[in-house]
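Student: My questions will all concern the structure given below.
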DNA sequence: CGTAGCATTGATCCCTGTCAAAGATAGTGG
DNA sequence: CCACTATCTTTGACAGGGATCAATGCTACG
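Chains as they are written, first to last, in the UniProt record's numbering: chain A, 1 to 235; chain B, 1 to 235.
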C-alpha cells in the first residue's frame, strides 16, 4: 500500500467550467465568476490501484472528487480487523469530514485506477461562503454518503452471506446493466460484507457453479440479475 | 405503533433565543433578527414511547430537533425484517434528507418520551439562504449522522453478539457515566445489533449472570464498564 | 383470575469462523 | 525456458455460534 501522493500523477490544473462530468461534480454549477474568488489551483490527480488518498486520523487538508475509477473507504477496528464502509465512484466526494474540522475518518484506498480533483479545504470553505448553489451541492453529497452508509448497513450487513453477496452484485450492477461488475479480490469482498474471506470465496464459488454469475476474468463478473434478485429475497 | 401526530402533544411555540439547550440545537446560534425572516411558527411537540415522528417514504415536510428522550430510526428490508440504523438523542436532528428534496428514508419511532422541535422544511431552507452560521450547524448534523452510521456499522454490526452487545452498552453509557443505561426491549436490542431477539436475550442474561451489567428494573441497566471493555476487545 | 405481551430457556440444525493445505497465476531470476 | 517463489483463491475439516422452532415464566392489565 503506497503512501499518499507517492504515486499520484498530476494531470494538470482543473478547469471546472469545461469539466466533462460537470453535472456530477461538486463544483458543477459554479460560474466563472465564482472561481475568480479563489486563487489556489485545483489539481487533477490520477491514482493507481493500491494508492492511498489519505489515511484515517490525518488532519484533513483536502476533499477529493472522484471523476472515474473506484475508491474504498476503510475503517480499522481496535482489534485490528478492517471493514470497508463505503465505495466511492464517479461523482462521489471523499473526505467531507474536513469541512467540519475533523481529521479523516477513514483510509481511502484506490481499487481501480482513479482520476480525482483535489479540492483544498480552504477553497471549498471560501466558495461555500459566497455561493448558495454550492451549499445545495454539498448537502447532496452528505446525503449520498449517509444514504449509502444506511444501505450498506441494511443490505450488506444483514442476513446470510449468500444474500449479502447477491445484494452486493445487484448494487454494483445497478448503474451499468449489462456492464461487467468489477471486484478487487476476495479479501475486500469479505471486508465489504462483514464475513471472512473464506466465506466470501466459497459463496462466490457457489454462485459461479449455480450460474448466477460468470467470472469472465479474475474479478470481472457478469451477473444473472433475476437469479440474484431471487437469492437476495428468498435466501 | 401510533400514527404521526396522533399522540403528539403540542407544548407551545418554540422561542429559540431562550432555548435551554441552545448550544446543542440546530438553530442555536441564530439571532433574533434571523428569526424575523420567518413567519411560520416552530412547534414544540412531545411524543410518548411508540409514537411515530414520520414514516419511511413519506414526502418530508419537516425536520425534528430532539430536545430530550430517545428516538430510533428504523429501516425495513424488502423481506420484511427491520433494522435500527441509528439512535437519536438530545441535540440530534431527524429527517435531514428532506433538505435535499427526498422523502423520509426511515421510520422515526420514539423509544423514550421525547420533546422535539418541529422545523418545517421551508423555514430551514429560508434561514439557510440568509445565514451562513446555519450552514455550519447543518453540516455538523450531517457529519454526526454519518459518523454514527459508520460507527454503527463497524462497532455494532461486526464480531460476535457478545462483543456487539458490550460495545452497545459502552456506547450508551459513554455520555452519562454512572447513569443507568435505558433500553427498550429485547426485540429492539436485536434489531440494533443485527442478531435475533433470542440471541439478544441470551447474551443479556449471560452478562447479568457474569455481573457485567445489573438490570435494576426492566430495561434499566447499570454497567461494569471495565469488564465490558474487556469483552468488547478480547471477545 | 385469565389473558396478552414480553423475556427466558431449551433443543436442534445450519452457517460461518478458523486452521490448514492444496490449486492457480504471475513474476523473478538462473 | 523453466524452475521457484510470492500471492491469491479454492477447498477441506471441524468446532462454535447463532437462527429457528417451541415451550415455559413472568408481569401487567382488564
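For each residue, glycine too, the CB sits at the ideal point set by N, CA and C.
1) Expressed to the nearest angstrom, what Euclidean distance is found between the alpha-carbon atoms of residue 138 (chain A) and residue 59 (chain B)?
2) Just to confirm the assignment, what range does the beta strand (DSSP E) spanning residue 189 (chain A) have?
3) Who are the neighbours of residue 102 (chain B) on chain A, taking C-beta pairs under 9 Å?
4) Using only the alpha-carbon positions, how far apart do residue 61 (chain B) and residue 118 (chain B) sit?
5) Which whole-angstrom value describes the C-beta separation of residue 73 (chain B) and residue 88 (chain B), a residue pair presumed to lie in contact below a C-beta threshold of 8 Å?
6) Given residue 215 (chain A), which residues of its chain have a CB within under 7 Å of its CB, disregarding the five upstream and five downstream residues?
7) If we require 4 or more residues per run, which alpha helix (DSSP H) segments fall completely within the UniProt domain "Cyclic nucleotide-binding" (26–145) of chain A?
8) Mind checking whether residue 231 (chain A) and residue 174 (chain A) have CB atoms under 7 Å apart?
9) Looking at C-alpha atoms only, which residue of A:108, A:234, A:164 is the closest neighbour of residue 49 (chain A)?
10) So what does residue 13 (chain A) bridge to, in DSSP terms?
11) Against chain B, which members of the stretch 124–136 of chain A pass a CB distance test of less than 9 Å?
12) Pop quiz: residue 153 (chain B) and residue 153 (chain A) are said to be a contact at Cβ under 8 Å. What is the actual Cβ separation, rounded to whole angstroms?
13) Kindly indicate the opening and closing residues of the alpha helix (DSSP H) around residue 222 (chain B).
14) Hey, residue 11 (chain A) and residue 45 (chain A) are a contact pair by Cβ (cut 8 Å); roughly how many whole angstroms apart?
15) Exposed or buried, which one is residue 150 (chain B) when buried takes at least 16 other CB atoms within 10 Å?
16) Relative to the alpha-carbon of residue 229 (chain B), which residue among B:164, B:57, B:219 has its alpha-carbon at the smallest distance?
17) Per the contact definition of three or more C-beta pairs closer than 8 Å, is the stretch 125–138 of chain B in contact with the stretch 27–35 of chain B?
18) If you draw a straight line from the alpha carbon of residue 51 (chain B) to that of residue 8 (chain B), how long is it in whole angstroms?
19) Helix, strand or coil for residue 217 (chain B)? Go by DSSP, reduced to three states.
20) With a cut-off of 7 Å, does the C-beta of residue 25 (chain B) fall near any C-beta of chain A?
21) Tell me the rounded alpha-carbon separation between residue 32 (chain A) and residue 17 (chain A).
22) Assuming residue 207 (chain B) is part of the alpha helix (DSSP H), what are its boundary residues?
23) Looking only at C-alpha atoms, which of A:233, A:186, A:198, A:65 sits nearest to residue 114 (chain A)?
24) How close, in whole Å, do the beta carbons of residue 83 (chain B) and residue 158 (chain A) come, if the pair is a contact with beta carbons under 8 Å?
25) Residue 85 (chain B) versus chain A: which residues are under 9 Å apart at the beta carbon?
26) How would you write the range of the alpha helix (DSSP H) that residue 275 (chain A) sits in, first residue to last?
27) Any beta carbon of chain A sitting closer than 7 Å to that of residue 99 (chain B)?
28) Using C-beta distances below 7 Å, list every residue in its chain close to residue 90 (chain A), excluding the 5 sequence neighbours before and after it, in chain order.
29) Please return the same chain residues whose Cβ sits closer than 6 Å to the Cβ of residue 129 (chain B), not counting the five positions on each side in sequence.
30) Tell me, please, whether the CB atom of residue 68 (chain A) is closer than 7 Å to any CB atom in chain B?
31) Pick from A:14, A:85, A:55: whose alpha carbon is nearest that of residue 147 (chain B)?
32) Are the C-beta atoms of residue 194 (chain A) and some chain B residue less than 7 Å apart?
33) Can you pull the chain A residues whose beta carbon is under 7 Å from the beta carbon of residue 77 (chain B), in chain order?
34) Using a Cβ-Cβ cut-off of 7 Å, state whether residue 140 (chain B) counts as contacting chain A.
35) Give a yes or no on whether 7 Å exceeds the smallest Cβ distance from residue 37 (chain A) to chain B.
36) Report the neighbours of residue 53 (chain A) on chain B: residues whose CB is nearer than 8 Å to its CB, in chain order.
Tutor: This is what the structure gives:
1) Between residue 138 (chain A) and residue 59 (chain B), the C-alpha separation is close to 21 Å.
2) Unbroken run through residue 189 (chain A) is the alpha helix (DSSP H), 186–193; no beta strand (DSSP E).
3) Taking the beta carbon of residue 102 (chain B) as reference, the chain A residues within 9 Å of it are 143, 147, listed in sequence order.
4) So the alpha carbons of these two residues sit roughly 10 Å apart.
5) Between residue 88 (chain B) and residue 73 (chain B) the Cβ distance is about 7 Å, and since that is below 8 Å, they are a contact.
6) Residues of the same chain with a CB within less than 7 Å of the CB of residue 215 (chain A), apart from the 5 flanking positions on each side, are 208, 221 in chain order.
7) Listed in chain order, the complete alpha helix (DSSP H) runs (minimum 4 residues) inside the UniProt domain "Cyclic nucleotide-binding" (26–145) of chain A are 32–35, 121–130.
8) Cβ atoms of residue 231 (chain A) and residue 174 (chain A): not closer than 7 Å.
9) Closest option to residue 49 (chain A), Cα to Cα, is A:108.
10) According to DSSP, residue 13 (chain A) shares a beta bridge with A:43.
11) Cβ contacts with chain B: 128, 129, 132, 135, 136.
12) That belief holds up - the Cβ atoms of residue 153 (chain B) and residue 153 (chain A) are roughly 5 Å apart, short of 8 Å.
13) In the DSSP assignment, residue 222 (chain B) falls outside any alpha helix (DSSP H) and within the unbroken beta strand (DSSP E) covering 220–223.
14) Yes, they are in contact, since the Cβ atoms of residue 11 (chain A) and residue 45 (chain A) sit about 7 Å apart, within 8 Å.
15) Classification for residue 150 (chain B): buried.
16) Comparing Cα-Cα distances from residue 229 (chain B) to each of B:164, B:57, B:219, the minimum goes to B:164.
17) Verdict: yes, contact present.
18) Looking at the two C-alpha atoms, the distance is approximately 8 Å.
19) The answer is strand: DSSP assigns residue 217 (chain B) an E or B state.
20) Answer no: the Cβ-Cβ gap between residue 25 (chain B) and chain A never drops below 7 Å.
21) If I take the Cα positions, the gap works out to 7 Å.
22) Annotation: the continuous alpha helix (DSSP H) that includes residue 207 (chain B) extends over 197–210.
23) It is A:65.
24) That belief holds up - the Cβ atoms of residue 83 (chain B) and residue 158 (chain A) are roughly 6 Å apart, short of 8 Å.
25) Contacts between residue 85 (chain B) and chain A, judged by CB atoms closer than 9 Å, involve 149, 150, 153, 154 in chain order.
26) Because chain A is modelled from 1 through 235, residue 275 (chain A) falls outside the range shown and cannot be assessed.
27) At a cut-off of 7 Å between beta carbons, residue 99 (chain B) contacts chain A.
28) Only residues of its own chain outside the window of five on either side were considered, and among them 21, 24, 66, 67, 68 have a CB closer than 7 Å to the CB of residue 90 (chain A), listed in chain order.
29) Nothing meets the Cβ criterion.
30) With 7 Å as the cut-off, residue 68 (chain A) does not count as an interface residue toward chain B.
31) Closest by alpha carbon: A:85.
32) At least one chain B Cβ lies under 7 Å of residue 194 (chain A).
33) Within 7 Å of the CB of residue 77 (chain B), the CB atoms of chain A belong to 154, 158, in sequence order along the chain.
34) With its beta carbon less than 7 Å from one in chain A, residue 140 (chain B) belongs to the interface.
35) So no, residue 37 (chain A) is outside the interface.
36) By Cβ distance, chain B contributes nothing, its closest Cβ being about 17 Å from residue 53 (chain A), past 8 Å.
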